[in-house]
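Scroll down for the structure; my scribbles are underneath it.
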Amino acid sequence: MKKLFLIFPICFFVFQGLCLEISIDASSFKNADKTYLETYIRILGQTVEFKSAADGSSMLQAGVELTIILSQGDNIVSFERFVLNSPKSKTAKDFLDVKRFALPEGEYTLKLEANDIHNADNKLELEKKVVVFAYSGAIHLSDIQLFNTVTTGEPDNILAKNGLLMEPFTYGFVGAESKVLNIYCEVYKNNELADNHFIRYAILEGYSDMEPTVSFQKFKKLSAKQTEPLLLKLPIDKLPSGNYHALVEIFDKSKNTIETRKIDFVRSNPEFDREYWMSYNKDEDYSFVAELSEIELDYALRAISAIVYEPKKSLMNFIIKEAPIRAQKKFLLEFWKENAPSSPEFSYYKFMEVAKAIDLEFNSNVGHGFETDRGYMFLRYGKPSNVLSIDTEPDSYPYEIWYYNYLKETNQTNVRFIFYNKSLVHNDYSILHSTCIGERQNPAWEVELYRKGLEVPNNNAVDDLTVGDSWQRNARRYFNDF
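If you want it as structure tokens, here you go:
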């Protein structure tokens, strides 16, 4: 089983606007009598700097220096440093690599260090726990892998295995363009084992540690081959957006389960989602959502928008504005059952108490208080560790800086948000810049904040990313050092 713990990325934010992102998956396999760890590395092209290729052509190319360290405790077991160059292209594109490490069975820490060769400030570190299995019994499963596209041929390609060229999903995200889920695994058997075993492969709702509901499943009889590669396909065109896991298990003719492997993935299927929710016509008569009025329901859905994450985040506008009342109630109920399975009703009411308080605190003329930028961030990330409000700097618009010592949603420390009030209307603050992954990052935020002062001739070039020092301009120091 691929024992994959949380990835801990440390991304170094730079004013150039780039923040290196890398997806890495690690899986345990066997080759003859040796076990090994296979790592798939994908570098997201939009997060690395592309420059003119060295051959003088009109093409662009990027490169990242990667260091992979595998360790047990304080002992480094395997180490590799190399430069991964992208293919030459006219636009920034993702690029991939595969590395395989022969390792004995055991638990390891995999650490990845990455440096953009064209931008010294753009770098990333991440760390995860991985397991290599022994495969010493009568019959075993390798880890399972999910692939976006699978083709035949190109045996010399680094992504090829057993005659198949396979491209993994990024961060386990299965987009709407995928109509079939490709599941790859290998079965290892000893020479004496008869061909009386079977495979069940399935897609189950929720992640691996949640109560499973089977969405799709199929069965297959195994052969007597000592090593049997399996490419298993399941339809996902009718699979709604949500969190799932793929499961593969071996069982014998007496239906005894021998071994099971699971892997989590996120499905996004907006076109089917709209069809599903528009046609939903069941009443939820035995839940806390049943008695909500249309006004209360709309209010509750708008409130949870801040804490709904992809892939369902993209659904929220449709659910609020177009979905039937029954579908809206079902969506609200499912959200709380998924996020607070042991006490959905209690969690809903406690959350709404907070939402109503935030509505009052940040209420403005643009909607509910929790729909303003500050209210949204408060609901999404919680109360900031510190807040600094400034409305006395002559050169700037009024602004607030929110400081978070730690954000569990992004696993970041020392996170900053800066909001500013350009209209000067009460409570009309909008997000200007942040260091939070996934939120607005504006390299020229100082210029925007001090635009009033920059209108003075020769004060500052308006296309600069920062402003000149002045006793009336303290935001940079407050943002970085407070």
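With the numbering used here applied, the sequence shown corresponds to residues 17 to 498, in that order.
Cβ coordinates follow ideal geometry from the N, Cα and C atoms, glycine included.
- Cβ atoms of V80 and L112 stay farther apart than 8 angstroms, at about 12 angstroms.
- Nearest to Y397 by alpha-carbon distance, out of H261, Y419, S405, Y413, is Y419.
- C-alpha of Y124 to C-alpha of F149: approximately 11 angstroms in a straight line.
- With a contact defined as Cβ atoms closer than 8 angstroms, L180 and T165 miss out at about 10 angstroms.
- If you draw a straight line from the Cα of S74 to the Cα of L248, it is about 42 angstroms long.
- In the three-state DSSP reduction, D375 falls in the helix class (H, G or I).
- Assignment of L465 by DSSP, reduced to helix, strand and coil, places it in the helix class.
- Beta-bridge annotation (DSSP): F267 is paired with F214, T273.
- By the neighbour-count definition (other C-beta atoms within 10 Å, threshold 16), D159 is a buried residue.
- With a 10 Å radius around the Cβ and a threshold of 16 neighbouring Cβ atoms, G89 comes out exposed.
- Look at A42 here: in three-state DSSP terms it is strand.
- Closest by C-alpha distance to N379, out of G391, N297, V370, is G391.
- Here the C-alpha atom of N496 lies approximately 24 angstroms from the C-alpha atom of N443.
- Boundaries around R492 are those of the alpha helix (DSSP H), 491-497, since no beta strand (DSSP E) includes it.
- Inter-segment contact for the region 450-470 and the region 419-432 is present: three or more beta-carbon pairs are separated by less than 8 angstroms.
- DSSP, reduced to helix, strand and coil, places E350 within a helical segment of the structure shown.
- Within a 10 Å sphere around the beta-carbon of M182 sit 16 or more other beta-carbons, which makes this residue buried.
- An exposed status is given to P103, since fewer than 16 other beta-carbon atoms sit within 10 Å of its beta-carbon.
- The C-alpha of M368 is placed about 44 angstroms away from the C-alpha of A108.
- Just so you know, the alpha carbons of S284 and S231 end up roughly 15 angstroms apart.
- Inclusion of I155 and I279 in the CB contact set at 9 angstroms is not warranted, their separation being larger than that value.
- Spatial neighbours of V114 in its own chain (CB-CB distance under 8 angstroms, excluding positions within 5 residues in sequence) are listed in chain order as E54, T55, Y56, I57, I174, L175.
- Inter-residue distance for Y365 and H384 is about 18 angstroms (C-alpha atoms, whole angstroms).
- Secondary structure note for I311: its alpha helix (DSSP H) is the uninterrupted segment 310-320.
- Straight-line spacing of the CA atoms in N272 and S330 works out to 42 angstroms.
- At least 9 angstroms separates the beta-carbon of P251 from that of K177.
- Bridge partners of H449 according to DSSP: I434.
- For P400, no alpha helix (DSSP H) encloses it, and the DSSP letter there is neither H nor E.
- In this structure G188 is buried. Its beta-carbon is surrounded by 16 or more other beta-carbon atoms within 10 angstroms.
- In the three-state reduction of the DSSP assignment, N333 falls in the helix class.
- Across the set I215, T229, F214, the C-alpha of T229 shows the shortest separation from the C-alpha of E221.
- Residue nearest to E96 within the set I311, I84, A70 is I84 (criterion: CA-CA distance).
- The beta carbon of A356 sits closer than 7 angstroms to those of S363, all from its chain and outside the five residues before and after it, given in chain order.
- Taking the C-beta atoms as reference points, S446 is found no nearer than 9 angstroms to F433.
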